[in-house]
Each structure stands twice: as C-alpha cells, then as structure tokens.
Amino acid sequence: MTNAPSTAPEPSTAGAPPRPSGRPARRQRQFRELGVLLAVVVLITATWLHNPGFLSSQGVRDLFLGATVLAVLAVGQALVLITKNVDLSVGSVMGLSAFGTGLLFVTFPGLPVPVAVLAGVVIGLVCGLLNGLLVTTVQVPALVVTLGTLYAYRGLNHWWADGGQVNAHDMPSAFLLLGRISVLGVPLPAAVAIAVVAAVGFYLARYRSGRELYAIGSNADAARLSGIPAARRVMVAFAVNGALAGLAGVLFAARYGTVDSTVGTGMELQVVAAAVVGGVAIAGGVGTVYGAALGAVLLTTITAALPIWRIDQFWHQAVVGALILAAIALDRLLALRTARKLRGGGARGA
Amino acid sequence: MDPTEVPPPLALVDVTKSFGSVRALRGLSLELRAGEIHALVGENGAGKSTLVKTIAGVHRPDGGQLLVDGRPTGFAAPVDAQNAGIAVIYQEPTLFPDLSVAENIFVGRQPRTRWATIDRRRMRHETEGVFSRLGVRMDPDRPARGLSIADQQLVEIAKALTRQARVLVMDEPTAALSGVEAERLFTVARTLRDSGAALLFISHRFDEVFSLCDRITVVRDGAFVSCDPTSELDVDTVVRRMVGREVTSLYPKEEAEHGETVLEVEGLTRDGVFADVSFSVRAGEIVALAGLVGAGRSEVIRAVFGVDRYDAGSVRVQGRELAGGRPKAAMAAGIALVPEDRRQQGLVMESSIERNATATRRRPLSRLGLLRPSAERASAEEWGERLNLKFGRLDDSVSTLSGGNQQKVVLAKWLSTEPRVLFVDEPTRGIDVGTKAEVHRLLSGLAGRGLAIVMVSSELPEVLGMADRVLVMHEGRVTAELDRAEADEESVMYAATGQRPSEAV
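Chain order of the listed sequences is A and B. What the first sequence shows, in the working numbering, is residues 1 to 350, in sequence order. What the second sequence shows, in the working numbering, is residues 351 to 855, in sequence order.
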C-alpha cells in the first residue's frame, strides 16, 4: 500500500509530464527572468561598445543610482500585483515621504539622520495601510481606490508644501552623504535596493505568508476556503508597498537634495511597467520581485542608453511601450506553450 | 454505541439556511460518529452541498445548532472548521493554478524549518508519501494549472488526507474518478474510519454507498427524511425516500410524434474542449446531453449556437449549413439558447421583466428604429400568461422574481422568437420543486408541438424522466448514445465517467 503499484493502469497521469523533463513551470519562470537579465546585459554591452564612456565609473554609478528608486518601488508593486491588486498611489506616496523628510530637517535642524529616514518610511507605511484598509474593508477594486488616493496624497502634499521646496542646504550633509558613499564599490542607495530585493524575494519564496500572497492572487475563492486570512495578507502587502515607497522617497531626497511637492509624479505607471516587463502578471499569482527589479533596471538602462545612441528622447516612451507589449506577448506565448505541454494531448484541459 | 456517553465529533441539530426566498435547508439533523462512514444521499438540489458548506464554515446557519464534541459551536470562517479538525473535499476542486501541486496540498500549513521558512524537501517528500498511499503518480513540483478534473480531485483528496482530520467530508469525491482510483480512495477511507475518524460520504453511486458506508441519511428538499444502518436498507427503499413522490408526476413526459430531422451536428471539434461531437435532433424530440460537470456539454451547445467558435465539423439546420461563430445567424435559422447561468447570461437582472422578455425581438417590436413600449408590454403580457408567470408588475426588475419565474422569463424571451430548435442548459437548476415540474411540463408540451429540444442537465432523474434520447459526454467526447429504454442511472453514469459496463464491451 505504500508503494505505487507499477503495473496498475495510470489513467490519472495523462496530464503529468514525464519525470525526466523536470519542472516546466519553474524553469519557465527562471527563463523569463533570465530573458530580462539578458536584455539588460546585451543593451549595456552594445552601448559600451558603441561608446566606452557609458561604463566609466561615473556612468556605472549613474546607472545604479538611476535604477535604485524605480527598483525599490517595483519590488513593492510586485507584492501588491501578485495578490491581484494594484497600487497606483506609489508616486504620490513617494512624493509625500520625500517632502516630509526634507521638511523634518527644516523644522528640526539637529534631527539625527536615522530618525528622518525612519520617519519617511513610516509616512509611506501609513499611506499604504490606508490603501490596504480601503481595499479590504470597503471592497472596492484597488485600481479605483488607489486612483483616488493618488490624487488625495498628491493634493495633501501640495497643500503641505504650499508651493515651497526644500533645498540641499537645508539638509544635513550626513544625510546627503547617504546618496554618495559606496559599499564595496556599490553606491549605498543601490546596496539598500539590492538588500530589499533579496529580502522580499526570499520572503515570498520561503515563508508561508509569502506563498499565501501567490495563493490569494491565483484563486481568491480557494484561498478563502483554505482558511488563508486574505484580507490581512493583502493589507500587509499594501503596507509594505507603502513603506517601500516611503523608503524610495527618502532615497530620492538623499540623492537629489532638492525636493518639492511634485516629486514622484507619474512614477506609478513606470513602476507598473517595470513589474510587467519583469514578468509579474497583472492578473495575479505570477512573478517574482527579482523579475520586477530587473524590469526596473532594464527601463532605466534604456533611458540612459538612448542619448548615447543619439536616439531622440521623444522615442523613449515609444520604446518603453513596445517593450511592455513585447513582454506581455512573450508571457502569453510561454503560457500557451506550457499549457500545451502540461495538457499532454487529449481533449481535456481547457 | 450510545451517543449520550461519548458525544459525536460532529452533529447538526435542526439546521436551517435560506438564500433569499429559497430555503436550502429546513431543519436538517445529522450525527457523524467516530469510527463510522456515514452516507448522505438525496437528489441534486436537496441541500447536500449547502449542508457541506455549513459544516465547512462557509455558510452560517440561520437556525439550529452545530455541535463539535457535543458543544455548540459557531464557525465564522472555514479556518474555524479546519481548527476543529474538519476537512472537506468539495465537489468542485478549489486549487491554486499558479502554485505547485505540493504547495496546493500544504497551503497555509507547509512544513517549516527551524527558521520558520518552508521546508521544501519535506513538503515534497510528504506529498510523494500521500500520493503513494493513494497510488497516484504526479510530479509534486508541477503547477496545478492544466490538471484534468480527476487529477485535481486527487490533489484535493491528498490535501484532506494530510490534514489528518477527525471529521472528513467528501462531496461526490468519486464523480470524476476511474474505478481503480475510487477503489484506492475507499481503502484509504476505511483505514481512516478504523483509526477513529468520522467520515461523511456523499455520492450518487449506490453501489459505492452500500459497500462503503455504515449508515445512510436521506435528505429531500432540504429536510431530513431518514437515517438507518446500511444493513437495514436496500437501493429501492433509498431511492423511494429520496424522490418521495411518483417520478412520473415530476417528469410529465408526453409522447410526441417525431418529425423530420431539424438539427444535424457532425464532427464538431473545439481543440482542447471537445472533439468529434456528432448528433441529430428531430422535430418533437427531446435529446438530453448528460455527463459530469466540466465534460464539455455547455461548450458544445454554445459552439452550435455560435457563441464560441469551433475548429472543425459542421452544423446543419433543416439541411442548410449554418455558419459558425455567429449567434445572429443561428437565431435567424431558428435556434434558441437558454443558457446555464440565468443571472449572468440569461437576464439583465436590473432591467424590467418586459425588457428582458422581449430582448430577442427588439426589431419586430420597434418602428423607425425606436422601440414601441406598448408593443413590448403586449408581447410580455402575452408570454407571461402563456407561461403562467407570477409577478408583481411588468416593469419590476427581474431580480424581484423567484428563480423559477426568472427562468420562465428567459424561456419567454427565447420561445417568442418561435424557434425550431431549443437548447436549454440546466433548465431547472436552483428552482423549487413545484416550478421544476412546471418547467418540465412546458418543455414536454413544446416538444409535443414539434419543437426539437436539446437539454443539458446534470440531474440524472431529469435526464431520464424527460429525454427521448440521451447523449453522454465524458472529457469532451460523446461516450454513449442511449435510447429512452436503454438509459438508466447506471448506464448513463458509466458513460459519464468514461467507463464501460462489462456487458457493453
């Protein structure tokens, strides 16, 4: 009884792939993220060959720093997208956090830097929690809720800033240094982003609650029947996303030194684009934060490379758009191929 | 076995539950004892699935009590039922397509390492363990997406087994399984019983019920009928109690003259959904499409009607080829389709009764492109009368009607197009018994007047009571075509599960 009788007919395994061919789905996902990585490498190499100045130490720094903010935001967005929700307010949240951090330095000139950083993250966390609360309790689609909070948070920021801005000389040099120093050759903000990606990626893959985010996005009804506390998980996803948007705001302030109330305007769509290019499905349940971060790197690299190829900046958005369409087409193609492979012939399986 | 000494792990006392005006459970009592397999039988719509969901904590009962170990308990959510040691295998699998098979089995309770991370190796190992207990060969790492219904059901069973529940509820677990797989499941069920678990087994297959179960509870129309040890029962008694009335009165099938062939479907194929489906229907004939949920029956009629495209085959109405993929052409050729889900597909729920009833005939009822309200109303009134529709006012929204009357509005909408062929998909799902008989009488009368009817139904009594011929589908193929005389519960079930009874080989 403990051994599968090998002589028994196997009517149930028509859909299962033969053992040696391994794990088609997992391999496909890896392939998907490798594809984005490959695109980044090819783009950088080609641009470097075209103009070696692209990879000067300053060029590398710019690449890293440019990708940092977008990557941190994309990681948070991926968390939300995986649960089949979306957060359009991240640009506004990031703006609030950036300006809030700056304003703190103006109001309390002697404020220790870690406290300010923490304050920025907390601002984001509160905004994210509010999003999550609205989505889970009012039961309105996240798209609508966060479209509302996109404007609400931005309006709050304008009212708060009252047309003013915080300049670099208002901020302590220790804070601005955060954007300049390097850890093992990597600019500190980029190192922070890498740590965030690794931590969230590990959490999603290896913790029950992380896997439950995928479950919720994959089949919400089944998640309820399985006793997964879906509302709480979704709320946490939004809260973490908000906190990461807050962190992105702090990193932005530290890097540029000058912030006004328009910081982060329009970022939300870039962020969603990065996640989608990186293989995170809008329909939920699919994708990794590694992919989302790579998508952010790819988008930033394109932005940096276009001038070197002397391609008009006007083309930038068209290129990004084409990339999104290509990514979606690729995902669809891979999904169809996997479906065919998994079905393994026969009339069933649609 | 005195229940007053050791309280049963799970008991229901006088449980009631209503959905709107439909009373799904009216005072149902049930006692699941440790070390016993308890069968629950009843017709479709008798309230079995509602009962299962009440036990599982999905529905909260309106009245009555749920006793766990003799103590009144209220389940606010499925997780409460799980914590009380109750595992449920639902009729329709509830898997996560994007997660691996192993993760589906262990979702929410994956084995963990010291650092609270998921122990993938152990999860994989335990999955293989439970699969070998069930005699299943499936890669634990493959995603659940693309599994056949039977394989999905096996994953559900594995999930329930690994919960090591004290109470295991199985809602038609064998409906999609082959004989070998079902037999393995029974072996496991008996092992669980002998180790002291309480099992509730719901099935339409009497041979399974009688060979596996210790006691049988019969329910009808949401109410308790009887509960006896299996040894004191036989199939006839159980069936009589289940139906509770003469079958003939519920299925008033009139004999009708069969005329010329009206609809011919040949080799219809939609890749991955159904393949090589051929049948023909004559005027005055009722042909039933039977089979399990997911066998592709609704998909076939949707394709014939042109809602979905098909990849190969042909459809002829009165000898003339019908182009695929165009519902308008199908309507013009005289086909009508009463869909499976009347709320989503059959009606505009917020719209008025008259609007819905005349939705198929906007053109004849309008002048110069504008609808004439008086013509709409007159037509709706006429059909309301013909179908004995019970309503307040014709401009009330359809959502105010009961399920049976809503179905009549859908029927009116299509019958008023004066079709030659009528497709009805689950015509009496979610309709109370009285109106059910009325719908049956109506269909029978329509056939008597020369309409060709194709009926998709999951209710075996309905299929057997109404159809002149039964086409049985299994996993997208027609596996049997049975005359009224040959069709019985067994022959249809065999074909629907893709098996052949020994005499037919």
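By construction, the Cβ of each residue, glycine as well, lies at the ideal position given by its N, Cα and C atoms. Note that this is a predicted model, so its numbers are computed, not measured.
Along the chain, where does the alpha helix (DSSP H) containing residue 475 of chain B start, and where does it finish? Residue 475 of chain B: member of the alpha helix (DSSP H) spanning 470-484, first to last residue.
Proximity to residue 699 of chain B [Cα-Cα], best of B/408, B/463, B/750 and B/543: B/750
Rounded Cβ spacing between residue 639 of chain B and residue 806 of chain B (contact assumed at less than 8 Å): 5 Å
Against chain A: residues of the region 413-426 of chain B by CB proximity under 9 Å: none
Any heavy atom of the ligand FMN closer than 7 Å to the Cβ of residue 116 of chain A? You won't find the ligand FMN in this model; it holds no ligand whatsoever.
Residue 221 of chain A: contacting residues in chain B (beta-carbon distance under 9 Å): 444
Need the endpoints of the beta strand (DSSP E) that residue 664 of chain B sits in, please. 662-667
Are the Cβ atoms of residue 259 of chain A and residue 139 of chain A separated by less than 8 Å? no
From this set, A/44, A/80, A/264 and A/128, which residue's C-alpha is nearest residue 63 of chain A's C-alpha? A/44
Just the C-alpha distance for residue 817 of chain B and residue 828 of chain B, rounded to the nearest angstrom, thanks. 16 Å
List the whole-angstrom C-beta distance separating residue 515 of chain B from residue 547 of chain B, where the pair is believed to meet the contact cut-off of C-beta under 8 Å. 7 Å
Candidates A/296, A/283 and A/306, of which the one nearest residue 331 of chain A by Cα: A/283
Using C-beta distances below 6 Å, list every residue in its chain close to residue 838 of chain B, excluding the 5 sequence neighbours before and after it, in chain order. none
Where does residue 436 of chain B sit, in a helix, a strand or coil, going by DSSP? strand
N-terminal and C-terminal residue of the alpha helix (DSSP H) that residue 200 of chain A is part of: Run containing residue 200 of chain A: 188-206, per the alpha helix (DSSP H) assignment.
Pick from A/277, A/118 and A/242 that is closest to residue 105 of chain A, judged by C-alpha positions: Nearest C-alpha to residue 105 of chain A: A/118.
On the CB-based measure, 16 or more other CB atoms within 10 Å of its CB, does residue 714 of chain B come out buried or exposed? Classification of residue 714 of chain B: exposed, given that the 10 Å Cβ count is below 16.
What in chain B is Cβ-close to residue 215 of chain A, meaning under 7 Å? 446, 449 and 457
Helix, strand or coil, according to DSSP, for residue 331 of chain A in the structure here? helix
Element boundaries [beta strand (DSSP E), containing residue 114 of chain A]: First-last for residue 114 of chain A: 113-138, but that is the alpha helix (DSSP H), not the beta strand (DSSP E).
Using three-state DSSP, classify residue 561 of chain B as helix, strand or coil. helix
With distances taken between CB atoms, is the gap from residue 802 of chain B to residue 633 of chain B smaller than 8 Å? yes
Taking residue 754 of chain B and residue 573 of chain B to be in contact with their CB atoms under 8 Å, please state how far apart those CB atoms are, rounded to whole angstroms. The pair is not a contact, with the Cβ atoms about 19 Å apart (cut-off 8 Å).
From which residue to which residue does the beta strand (DSSP E) around residue 388 of chain B run? 386-391
For my contact list, residue 320 of chain A and residue 299 of chain A are in at a C-beta cut-off of 8 Å; report their separation, rounded to the angstrom. 6 Å
Buried versus exposed, by CB contacts within 10 Å (16 or more), residue 757 of chain B: buried
Using a cut-off of 9 Å between C-beta atoms, extract the partners of residue 468 of chain B located in chain A. 205, 206, 207, 208, 210 and 211
Over the uninterrupted alpha helix (DSSP H) stretch that includes residue 91 of chain A, give me the two end residues. 90-107
Once DSSP output is grouped into helix, strand and coil, what is the label at residue 847 of chain B? The answer is coil: DSSP assigns residue 847 of chain B none of H, G, I, E or B.
Pick from A/281, A/46, A/245 and A/256 that is closest to residue 267 of chain A, judged by C-alpha positions: Comparing alpha carbon positions, the residue from A/281, A/46, A/245 and A/256 closest to residue 267 of chain A is A/245.
Proximity of residue 75 of chain A and residue 200 of chain A at Cβ, strictly below 8 Å: yes
Interface positions of the region 75-106 of chain A facing chain B (Cβ-Cβ less than 9 Å), listed along the chain: Taking 9 Å as the Cβ-Cβ cut-off against chain B, none of the residues of the region 75-106 of chain A qualify.
When the cut-off is 8 Å and only beta carbons count, does residue 476 of chain B lie next to chain A? no
Comparing alpha-carbon positions, which option in B/357, B/739, B/706 and B/505 lies nearest residue 859 of chain B? In the structure displayed, chain B extends from 351 to 855; residue 859 of chain B sits before or after that span and is not available.
Helix, strand or coil at residue 426 of chain B [DSSP, three-state]: coil
Looking at C-beta atoms only, is the number of pairs between the region 573-588 of chain B and the region 759-775 of chain B that lie closer than 8 Å three or more? Judged by Cβ distances under 8 Å, the region 573-588 of chain B makes no contact with the region 759-775 of chain B, as fewer than three pairs qualify.
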